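Undergrad: Here it is, the structure in full.
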Amino acid sequence: MHPVLAAVTERITERSRADRAAYLRRLEQSATRGPMRTKLACANLAHGFAASGEVDKAALRGKVKPNVAIVSAYNDMLSAHQPFESFPAQMKQAVLRSGGIAQFAGGVPAMCDGITQGRDGMQLSLFSRDVIAMSTAIALSHDMFDAGLMLGVCDKIVPGMLIGALSFGHLPAIFVPAGPMTSGLPNGEKARIRQAYAAGEVDRDALLEAESASYHSAGTCTFYGTANSNQMLMEVMGLHLPGASFVNPGTPLRAALTDAAAARAVDLTSWGEEFTPVGKIVDEKAIVNGCVALLATGGSTNHTLHLVAIARAAGITLTWDDLAELSAVVPLMARVYPNGKADINHFHAAGGLAFTVHSLLKNGLLHDDVHTVAGHGLWRYTTEARLDRGTLTWEEGPKASLDLEVLRPADDPFSRDGGLRMLEGNLGRSVIKTSAVAPEHRQVKAPARVFDDQLDFLQAFEDGTLTGDFVAVIRFQGPAANGMPELHKLTPALGVLQDRGQRVAIATDGRMSGASGKVPAAIHLTPEASVGGPIARVRDGDLVTLDADAGILELHVPAYELEQRAAARADDSRVWGTGRELFHAFRTSVGPADEGASIFPAHEAALTTTVAPETTDD
Numbered sequence: 003m004h005p006v007l008a009a010v011t012e013r014i015t016e017r018s019r020a021d022r023a024a025y026l027r028r029l030e031q032s033a034t035r036g037p038m039r040t041k042l043a044c045a046n047l048a049h050g051f052a053a054s055g056e057v058d059k060a061a062l063r064g065k066v067k068p069n070v071a072i073v074s075a076y077n078d079m080l081s082a083h084q085p086f087e088s089f090p091a092q093m094k095q096a097v098l099r100s101g102g103i104a105q106f107a108g109g110v111p112a113m114c115d116g117i118t119q120g121r122d123g124m125q126l127s128l129f130s131r132d133v134i135a136m137s138t139a140i141a142l143s144h145d146m147f148d149a150g151l152m153l154g155v156c157d158k159i160v161p162g163m164l165i166g167a168l169s170f171g172h173l174p175a176i177f178v179p180a181g182p183m184t185s186g187l188p189n190g191e192k193a194r195i196r197q198a199y200a201a202g203e204v205d206r207d208a209l210l211e212a213e214s215a216s217y218h219s220a221g222t223c224t225f226y227g228t229a230n231s232n233q234m235l236m237e238v239m240g241l242h243l244p245g246a247s248f249v250n251p252g253t254p255l256r257a258a259l260t261d262a263a264a265a266r267a268v269d270l271t272s273w274g275e276e277f278t279p280v281g282k283i284v285d286e287k288a289i290v291n292g293c294v295a296l297l298a299t300g301g302s303t304n305h306t307l308h309l310v311a312i313a314r315a316a317g318i319t320l321t322w323d324d325l326a327e328l329s330a331v332v333p334l335m336a337r338v339y340p341n342g343k344a345d346i347n348h349f350h351a352a353g354g355l356a357f358t359v360h361s362l363l364k365n366g367l368l369h370d371d372v373h374t375v376a377g378h379g380l381w382r383y384t385t386e387a388r389l390d391r392g393t394l395t396w397e398e399g400p401k402a403s404l405d406l407e408v409l410r411p412a413d414d415p416f417s418r419d420g421g422l423r424m425l426e427g428n429l430g431r432s433v434i435k436t437s438a439v440a441p442e443h444r445q446v447k448a449p450a451r452v453f454d455d456q457l458d459f460l461q462a463f464e465d466g467t468l469t470g471d472f473v474a475v476i477r478f479q480g481p482a483a484n485g486m487p488e489l490h491k492l493t494p495a496l497g498v499l500q501d502r503g504q505r506v507a508i509a510t511d512g513r514m515s516g517a518s519g520k521v522p523a524a525i526h527l528t529p530e531a532s533v534g535g536p537i538a539r540v541r542d543g544d545l546v547t548l549d550a551d552a553g554i555l556e557l558h559v560p561a562y563e564l565e566q567r568a569a570a571r572a573d574d575s576r577v578w579g580t581g582r583e584l585f586h587a588f589r590t591s592v593g594p595a596d597e598g599a600s601i602f603p604a605h606e607a608a609l610t611t612t613v614a615p616e617t618t619d620d
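When the letters of the sequence shown are read in order and numbered with my numbering, they come out as residues 3 to 620.
Dropping the structure here:
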């Protein structure tokens, strides 16, 4: 075991001791041998099986079979979730063959950051994670179920479903992916055309043709953004079956893995011999494993929010400092767009997660001693799923990369660190992803250009006024301001300016996502402008240093002068219309970015501990 991995895990465990113990007590109090529905009154139970078929109704009435909940993010507009349309019927049959029953317990909303990018709807995106968590909890709330099958892929959906599942941590839960679409237009060519469009070199028809050739069929987008980072995390944290993440939809292997997940859910219930509640799987070691895998593969910066929120849902306190310390020793093993030219299908073909887990385990950079839905031990995830004459089997995965331009071993990586760093200074704390930023672009010292809306920045670019070196300060983009939308739409314009020879960077209390590219971006800056953070006092022309290597984000304004400046105020009219007014309560109660930007209480122990009344000795 690498000493830093051991030290970080021990520190997280010690820091979380009270909250984790409170969470596990609640889990134990909720768990019983046999189904919770045995405690339902007759009228309650009758409601629960009234619409079932006669065979299922008899089994539920007689309380003789485990009942598995299916919770799905299906809709047929989003390519990643469209394949889920047929999964419930297929899963019900697989569960039935395995001696159980399955019911579709509920759906959760699924929105796409790719569609809402730069639009008002994007302001609902981050908050949708917590809505999804609540929706998952509602689906599981009927005390009818012994396990859950979670069907989700993208962005905030998987983190939200996992947070919701952890609120029912006494139940087993298996996450079931749909897989990525097959490779289309290479991501590098797509990026080139996007930048050419931003520079006015090609027209909208050429841009739309390129985008349509990239996003062309059912399945997850093939770049390594939040969606594919979600799948990687679920597998390395032991919540997918081994090898399930990156198998294309509509293939026999995909169908076999879906059947196997449904059957395995029955095995994990309290009716079987391998009772494995999800709250026991997601422990301190699993959280650290997720952090390591995110860093080793160059995954989405959104998970600096989501992993913190997921950990807290299990009574575990993960900090950005933990991620930074791990990043210093975890090597970058993968080059997948936007950190390289390959897409996720190429990564999978090069050895994928089976090789990644093998190499990290071999180098002491993952915990093997963990519970998973496949059984005890992360070594199970060094295998690959195969079909042998129609039968699903798992074979030992590759012990060497099949394409060293895409995937390298941990002891011969692309980079000795994971490319995720924390920046600190008098502007606050922020995250920067350096794995796609060339070393010569990682330090920028330049005047600030301040914008309170990303559209104002884009207009300035169109007007040709973004001349010279500068640090774009995009503020009032934090969770309390407008829901922390992604600002990825700024990337092509910034890329054009950088290619012209300007030294440019961005500092923002908003998000840039796993699709962030080659321009240095200090993101998730906290405290945010809307709660009085120093970023609200930055003015055009102030000198700013962003130094990714030294971990510095500094405003070169004397402290006394900065303190005397009036803080800018957000335009409140920006958060009305297109549903945004419905999330006012979220904006007023959300926590800071470094605590997961969540509306949920952070500390389990604080909620469950009561103060004993004073007594006297009379």
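Even glycine gets a Cβ: it sits at the ideal position worked out from N, Cα and C. This one's a predicted model, so the numbers in the text were calculated from it and none came from an experiment.
What does Leu389 pair with, by DSSP beta-bridge criteria?
TA: Leu394
Undergrad: Since Phe89 is in the alpha helix (DSSP H), which residue starts that stretch and which ends it?
TA: Phe89 to Arg99
Undergrad: For Met163, which of helix, strand or coil comes out of DSSP?
TA: Note: Met163 maps to helix in three-state DSSP.
Undergrad: Please classify Tyr562: is it buried, with 16 or more other beta-carbons within 10 angstroms of its beta-carbon, or exposed?
TA: exposed
Undergrad: Can you say whether Glu530 is buried or exposed, counting buried as having 16 or more other CB atoms within 10 angstroms of its CB?
TA: When all chains shown are included, Glu530 counts as buried.
Undergrad: What does the alpha-carbon distance come out to for the pair Val533 and Glu565?
TA: 15 Å
Undergrad: Given a threshold of 16 other Cβ atoms within 10 Å of its Cβ, counted over all protein chains shown, does Ala614 qualify as buried or as exposed?
TA: Below a pLDDT of 50, predicted positions are generally treated as unreliable, and Ala614, at 41, falls in that range; the measurement from the model is reported next regardless. Per the 10 Å Cβ criterion, exposed.
Undergrad: Enumerate in chain order the residues of its own chain whose CB-to-CB distance from His373 is below 7 Å, with the five nearest sequence positions on each side excluded.
TA: Gly240, Thr278, Lys282 and Ile283
Undergrad: Using 10 angstroms around the beta-carbon of Pro536, count the other beta-carbons present and answer buried if the total reaches 16, otherwise exposed.
TA: buried
Undergrad: When the Cα atoms are used, what is the spatial distance from Leu325 to Arg17?
TA: If I take the Cα positions, the gap works out to 15 Å.
Undergrad: At which residues does the beta strand (DSSP E) containing Ala474 begin and terminate?
TA: It spans Phe472 to Ile476 - the beta strand (DSSP E) in which Ala474 sits, taken as one unbroken run.
Undergrad: How about Leu328 and Val290: are their beta carbons less than 9 Å apart?
TA: Yes.
Undergrad: On the criterion of 16 or more Cβ atoms from any shown chain inside 10 Å, does Thr385 qualify as buried, or is it exposed?
TA: buried
Undergrad: Cα-Cα, which of Asp501, Ala180, Val498 and Ala509 is closest to Lys447?
TA: Ala509
Undergrad: Quick test of your reading: Phe463 and Ala495, contact by CB under 8 Å. State the CB separation rounded to the nearest angstrom.
TA: 4 Å
Undergrad: If you draw a straight line from the alpha carbon of Phe478 to that of Leu334, how long is it in whole angstroms?
TA: 32 Å
Undergrad: Would Val310 and Ala167 qualify as a contact pair, given that the criterion is a beta-carbon distance under 9 Å?
TA: no
Undergrad: Among Ser137, Tyr339 and Ala96, whose alpha-carbon lies nearest the alpha-carbon of Ser216?
TA: With respect to the C-alpha of Ser216, the residue from Ser137, Tyr339 and Ala96 having the closest C-alpha is Tyr339.
Undergrad: Looking only at C-alpha atoms, which of Ser127, Asp21 and Ile159 sits nearest to Gly109?
TA: Ile159
Undergrad: Helix, strand or coil, according to DSSP, for Ser432 in the structure here?
TA: strand
Undergrad: Note down, in chain order, each residue of its chain lying with its Cβ closer than 6 Å to the Cβ of Asp419, except the 5 sequence neighbours on either side.
TA: Ser329 and Ala330
Undergrad: Taking 8 Å as the cut-off, is the beta-carbon of Arg505 closer than that to any non-hydrogen atom of the ligand COA?
TA: Looking at this structure, you won't find the ligand COA or any other ligand, since it has none at all.
Undergrad: What's the call for Trp578, buried or exposed, on a 16-neighbour Cβ count within 10 Å?
TA: With fewer than 16 other beta carbons inside 10 angstroms of its own, Trp578 counts as exposed.
Undergrad: My output table needs one value for Arg653: the three-state DSSP class, helix, strand or coil.
TA: Because the chain spans 3 through 620 in this model, residue 653 falls outside it and cannot be assessed.
Undergrad: Could you name each continuous alpha helix (DSSP H) segment of 4 residues or more that falls completely within the segment 178 to 212, going from the start of the chain to the end?
TA: 189 to 200
Undergrad: Between the C-alpha atoms of Ala229 and Arg314, what's the straight-line distance to the nearest angstrom?
TA: 21 Å
Undergrad: On the DSSP letters alone, give me the boundaries of the alpha helix (DSSP H) that Thr228 sits inside.
TA: Thr228 to Val238 is the extent of the alpha helix (DSSP H) around Thr228.
Undergrad: When DSSP labels each residue in this structure, what does Ser302 get in the three-state scheme?
TA: Residue state, collapsed to three classes: coil.
Undergrad: Apart from the five residues just before and just after Ile554, which ones in its own chain have a Cβ nearer than 8 Å to its Cβ?
TA: Within the same chain, Ile554 has close Cβ partners Leu425, Glu426, Gly427, Thr547 and Leu548.
Undergrad: What distance in whole Å lies between the Cβ atoms of Ile525 and Val433, which are believed to be in contact at a cut-off of 8 Å?
TA: 6 Å
Undergrad: Determine the extent of the alpha helix (DSSP H) in which Ala24 is found, giving its start and end residues.
TA: Arg19 to Ser32
Undergrad: Secondary structure at Leu489, three-state DSSP: helix, strand or coil?
TA: coil
Undergrad: How would you label Glu56, buried or exposed, when you count the other beta carbons within 10 angstroms and need 16 or more for buried?
TA: exposed
Undergrad: CA-CA distance, Ser600 and Val559?
TA: Inter-residue distance for Ser600 and Val559 is about 32 Å (C-alpha atoms, whole angstroms).
Undergrad: Are the segment 89 to 106 and the segment 255 to 273 in contact at 8 Å, needing three or more beta carbon pairs?
TA: Cβ pair count under 8 Å is three or more, so yes.
Undergrad: Out of Leu489, Arg505, Trp381 and Thr395, state which residue places its alpha-carbon closest to the alpha-carbon of Glu442.
TA: Arg505
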